[in-house]
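Residue numbers for the sequence shown follow the UniProt record's numbering, so the first one is 1 and each next one is one higher. From the three backbone atoms N, C-alpha and C, an ideal C-beta is built for every residue, glycine too. Structure first, commentary second.
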Amino acid sequence: MHFLKNTALTISALTLTACMSTQPPVITMQSNDVYQFNDKSSFALNVANMTRKTAGLSDVDLPENAQFKSNNALVGAEYALAFLSDGLIDLAGSMGAQSQADRAFNWKPMLVFLGELNEQDLDASALNLVESGLKETFNNIAGTEYVGIARSDNARDSNNFMYFYKGGALCNAETRKLYIYTSPEPHPHFVDYDPAVFNGSCASAVKIEVNGKVNYNGEVKDVVTMTILNGYEGFDSIAVATAGFSIVPKEYGVWGADIKYTVPAPYVVHNNTMYLFSTSNRSYKLNNSVR
Numbered sequence: 001m002h003f004l005k006n007t008a009l010t011i012s013a014l015t016l017t018a019c020m021s022t023q024p025p026v027i028t029m030q031s032n033d034v035y036q037f038n039d040k041s042s043f044a045l046n047v048a049n050m051t052r053k054t055a056g057l058s059d060v061d062l063p064e065n066a067q068f069k070s071n072n073a074l075v076g077a078e079y080a081l082a083f084l085s086d087g088l089i090d091l092a093g094s095m096g097a098q099s100q101a102d103r104a105f106n107w108k109p110m111l112v113f114l115g116e117l118n119e120q121d122l123d124a125s126a127l128n129l130v131e132s133g134l135k136e137t138f139n140n141i142a143g144t145e146y147v148g149i150a151r152s153d154n155a156r157d158s159n160n161f162m163y164f165y166k167g168g169a170l171c172n173a174e175t176r177k178l179y180i181y182t183s184p185e186p187h188p189h190f191v192d193y194d195p196a197v198f199n200g201s202c203a204s205a206v207k208i209e210v211n212g213k214v215n216y217n218g219e220v221k222d223v224v225t226m227t228i229l230n231g232y233e234g235f236d237s238i239a240v241a242t243a244g245f246s247i248v249p250k251e252y253g254v255w256g257a258d259i260k261y262t263v264p265a266p267y268v269v270h271n272n273t274m275y276l277f278s279t280s281n282r283s284y285k286l287n288n289s290v291r
């Protein structure tokens with residue numbers, strides 16, 4: 001199921017925020033709030049809301065119109081209101097807020113996994129949940145296997161991890177540029193990169209976060225999101241194969257790059273079913289258990 005469409009011709013690598021050396025990132029709990037599913041909202045909208053990572057989504061009659069993008073007028077109005085309520089703010093702060101608002105509306109596709117995390121060892125517990133979910137996800141894709149994940153060496157980076165997979169129609173040297181690191185020196189961006197394991201794989205920079213909790217089917221679970229920041233080729237196959245949930249916006253791409261990927265409407269996938277953001281809670285069963 002490949003309905004992604006390239007809308008430009010050039011690819012830009014993810015720009016990592018740089019500067020001073022710092023410690024590797026550690027996954028922390030963003031919130032302890034428990035999201036309760038709203039019976040008046042679609043399944044798709046409830047899943048999006050439980051992540052606390054999307055903006056501009058609503059249930060509509062035509063799912064193609066479910067996602068609202070930020071615009072200068074709206075953003076300007078938001079900052080005018082902030083000015084009136086909070087007093088004087090400096091220009092740099094306003095511009096930073098606008099960037100944050102733009103990014104909130106222009107969110108990236110993500111995989112979502114639910115589990116009961118050990119809060120005394122949250123980082124390892126969250127990472128184990130994600131890796132377990134990724135292994136199961138790639139088991140659903142014929143000929144492709146999950147390889148592993150490497151942690152960024154700098155907490156200032158946009159991504160905190162890079163994940164790797166290889167094989168099958170999804171990742172081969174004829175259609176994809178494979179990730180290769182040949183220097184005898186340690187990898188300059190990852191603390192645990194093993195060339196013997198990761199070389200020859202496809203890769204995506206990701207942001208893994210624990211965003212809160214959800215009451216799902218009567219059980220309170222931690223919500224762990226893995227936002228995909230680049231390496232979008234073939235992501236539609238990964239999204240429909242997810243062992244957890246996937247949430248895909250109508251348009252996405254690397255920040256600052258010309259290339260964009262589009263789908264007819266934003267959607268959620270869970271349990272081999274695609275859900276749309278619609279007032280009728282529209283969904284479609286996906287026929288293939290192995291893609």
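Around the beta carbon of E209, a 10 Å sphere encloses 16 or more other beta carbons of the protein chains shown; the residue is thus reported as buried. Within a 10 Å sphere around the beta-carbon of D222 sit 16 or more other beta-carbons, which makes this residue buried. CA-to-CA, the gap between V269 and V191 works out to about 33 Å. In the three-state scheme derived from DSSP, where H, G and I count as helix and E and B as strand, E233 is classed as coil. Here the alpha carbon of N65 sits roughly 28 Å from the alpha carbon of K213. The region 231-245 makes contact with the region 102-119: 3 or more CB pairs, one atom from each, lie closer than 8 Å. A direct Cα-to-Cα measurement between G256 and P186 gives close to 29 Å.
Taking a cut-off of 8 Å on C-beta distances, the region 36-50 touches the region 279-286, as three or more cross pairs fall below it. Counting only runs of at least 4 residues, the region 114-175 fully encloses the following alpha helix (DSSP H) elements, listed from N- to C-terminal order: 122-139. Just so you know, the alpha carbons of Y232 and M226 end up roughly 13 Å apart. One thing to note: S201 has its Cβ no nearer than 7 Å to the Cβ of F235. Within the DSSP bridge table, the entry for T225 names V112 and E209 as partners.
Sorting Y261, S246 and D153 by C-alpha distance to the C-alpha of L276 places S246 at the top. Distance between F68 and N211, taken at the CA atoms: about 22 Å. Taking each of S204, Y267, Y35 and T51 in turn and checking the Cα distance to A104, the smallest one comes out for T51.
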